[in-house]
Amino acid sequence: MNIKNFFEKYNIKINDQQIYKEALTHNSYANERKLKYSYQRLEFLGDAILQMYVSKFLFFHYSKLGEGELTRLRSSTVREESLSRIAKDINLGQLIRLGHGELMTKGYEKQSILADIFEALTAAVYIDQNEDGLLIWLEQTLFKYMKDPTFINVTKDFKSELQELLQSEKRSDLKYIIENEEFFVNENKTLYTVSVNLDGQKFGVGKGYSKQEAEQNAASDCLSKLKKPLSN
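Residue numbers (this note's numbering): 9 to 240.
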């Protein structure tokens, strides 16, 4: 499927096809073809756009929630796991232009790449279609996901949940420790490995392309281990 046919499903008639090609071009592809562009600059803009429009959506659709809960929901909505899930649902992977190495390792299925491309493509829609086209795009992708009745339940903040559990058990010695930082040149990203330590013992480990994401995954791992005895 080409870019034009892909966007026809969303009633979007593209004007500048080049901006979409840029949004769908991974660094590995650009390096192999010696191109002067990749999706990275558009990803930067797309991240800011999603932060803004997700904030507006939450503010007007969840009028009873306070600032803290709204912030939690926004962070959960725009994190890598959520955006990559949407990218998979709309089959975005089939459009990504990847280098040979990334193709061999199925880069079109990687959470980090899918999330980045969704952000970059969102920026491309905004540049090409202005706000009207952007809202058409978001209504059929991200906002559709946010309107699901289970939205609040699935966007969990595992760090807060872990903190509440420990407070109920009167345990307070909780520390998140960065175990490792691995930089990937092709993606220009750092993969963090974080551990959760309780009373000096390691209880969970998580990875992510931001410290916050790694801590959330570590907290989730810790929670699963702490709750396991209760189900026996």
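All residues carry an ideal CB built from backbone N, CA and C; glycine is no exception. As the structure is a computational prediction, the values presented were derived from the model and not from experiment.
Beta-carbon proximity check, residue i vs residue j, cutoff 8 Å
i	j	result
residue 50	residue 131	yes
residue 124	residue 22	no
residue 58	residue 70	no
residue 38	residue 45	yes
residue 222	residue 204	no
residue 133	residue 20	yes
Environment of residue i [buried if 16+ CB atoms lie within 10 Å]
i	result
residue 118	buried
residue 196	exposed
residue 88	buried
residue 270	A question about residue 270 goes unanswered here, because the residues of the chain that appear run from 9 up to 240.
residue 26	exposed
residue 139	exposed
residue 238	Low per-residue confidence applies at residue 238: pLDDT is 44, beneath 50, and the placement is therefore not dependable enough to give any value.
residue 229	buried
residue 36	buried
residue 154	buried
residue 191	exposed
residue 225	buried
Residue from the options with nearest C-alpha to residue i
i	options	result
residue 220	198, 234, 210	198
residue 180	171, 188, 187	171
residue 129	41, 224, 149, 155	149
residue 111	165, 207, 34	34
residue 102	62, 121, 212	121
residue 28	104, 81, 183, 68	104
residue 168	84, 151, 63, 13	84
Span of the alpha helix (DSSP H) around residue i
i	result
residue 50	48–69
residue 35	35–41
residue 28	25–31
residue 94	88–97
residue 109	108–112
residue 130	119–148
residue 76	75–85
residue 229	219–235
residue 12	11–16
Beta-bridge partners of residue i, as assigned by DSSP
i	result
residue 214	202
residue 184	204
residue 192	197
residue 175	Looking at the DSSP assignment, residue 175 forms no beta bridge with any residue, so it has no partner.
Residue i CB to nearest heavy atom of the ligand PLP below 7 Å
i	result
residue 167	Ligands in the displayed structure: none, and consequently the ligand PLP is not present.
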